[in-house]
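These notes are about the structure you will find just below.
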Ligand SMILES: [Fe+2]
């Protein structure tokens, strides 16, 4: 079976690209399940209920989030009531929402999607290592296919988690850094992995933000309000092929001009 993961949807250009292209991508690749990371959907930081509903309507089966989950007002109540829009499981016990979704793919197989936040160079309430094993046990009890979105800054941490989970989950897909890495591989135990799946959004930018604004903030060290860029919009992510028992067979890069 085939699972499409679209990486960090950035701003209006990213969301429009998903709406325009996800239905045909589903058809072209014969997709059984589509997962979309939507944590940058609202102007590059966070997501709103309306935007989450738009991504679901465009064909996303599950939406994952990240360090910007709670940037927009009202999203907490939405997450508390949503089965398909999940935030990192290690966001802390006081934050609304779920870190694990279990859904039925088009071919009838149940798929568990788990979202975790890295702890290196990010303000993360709970170490992912404290919770990952019990969450993976819970996911495996619910579904044979388990996909982990590991939203983390450091390459080392993403490689380490994928290696730790090899043979226990179907895929460990890195997000957050927005630059697609050249290390998509199936590990010896049958887990597909990539350090970063990329960005669905404007690539003529500094990881989604208008270049002059990002550079201006770095050079001046003054606060600068970021805005999404517009040029060179691409859909990026990975296509994972796996058995119905959850063993990965292949992982391919997806990079489609919008
Ligand atoms: Fe992020």
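Residue numbers (this note's numbering): 14 to 271.
Where a beta carbon is used, it is the ideal one built from N, C-alpha and C, also for glycine.
Asked                                                                                                                                                                  : Found
Going by the CB atoms, is the gap between residue 246 and residue 26 shorter than 8 Å?                                                                                 : yes
Count the other CB atoms, across all protein chains shown, that sit within 10 Å of the CB of residue 182; report buried if there are 16 or more and exposed otherwise. : buried
Is residue 80 near ligand 1, judged by its Cβ being under 7 Å from some heavy atom?                                                                                    : yes
Would you tell me roughly how many angstroms separate the C-alpha atoms of residue 249 and residue 212, rounded to the nearest one?                                    : 5 Å
Return the chain-ordered ranges of every alpha helix (DSSP H) run that is complete within the region 64-100 and spans a minimum of 4 residues.                         : 88-93
Apart from the five residues just before and just after residue 10, which ones in its own chain have a Cβ nearer than 6 Å to its Cβ?                                   : The question about residue 10 has no answer here: the residues shown for the chain are numbered 14 through 271.
Residue 191: which of 128, 202, 217 sits nearest, CA to CA?                                                                                                            : 217
For residue 171, is the classification buried or exposed, using 16 other Cβ atoms within 10 angstroms of its Cβ as the cut-off for buried?                             : buried
With DSSP as the reference, label residue 16 as helix, strand or coil.                                                                                                 : strand
Please state whether the Cβ-Cβ distance between residue 242 and residue 270 is less than 8 Å.                                                                          : no
Given a cut-off of 8 Å, decide if residue 118 and residue 6 are closer than it, judged by their beta-carbon atoms.                                                     : As shown, the chain starts at 14 and ends at 271. That puts residue 6 outside it, with no answer to give.
How is the beta strand (DSSP E) around residue 117 delimited, first residue to last?                                                                                   : 113-117
With a threshold of 16 other CB atoms inside 10 Å of the CB of residue 43, please say whether the residue is buried or exposed.                                        : exposed
CB residue 59 to CB residue 81, shorter than 8 Å?                                                                                                                      : yes
Which residues bound the alpha helix (DSSP H) around residue 168?                                                                                                      : 168-178
Could you check if residue 189 belongs to the surroundings of ligand 1, using beta carbon to heavy atom distance under 7 Å?                                            : yes
Have a look at the DSSP bridge pairing and note the partners of residue 265.                                                                                           : 252
Mind checking who residue 127 pairs with in its DSSP beta bridge?                                                                                                      : 113, 161
If I follow the unbroken alpha helix (DSSP H) through residue 155, where does it start and stop?                                                                       : 141-155
Residue range of the alpha helix (DSSP H) that residue 30 falls in?                                                                                                    : 24-41
For residue 198, does the three-state DSSP call read helix, strand or coil?                                                                                            : strand
Please determine, among 180, 197, 163, the residue with the shortest C-alpha to C-alpha distance to residue 49.                                                        : 163
How far does the alpha helix (DSSP H) with residue 227 in it reach, from first residue to last?                                                                        : 224-233
Would you kindly report the start and end of the unbroken beta strand (DSSP E) that includes residue 182?                                                              : First-last for residue 182: undefined, no H or E at that position.
Quick one: what's residue 50 bridged to in DSSP?                                                                                                                       : 77
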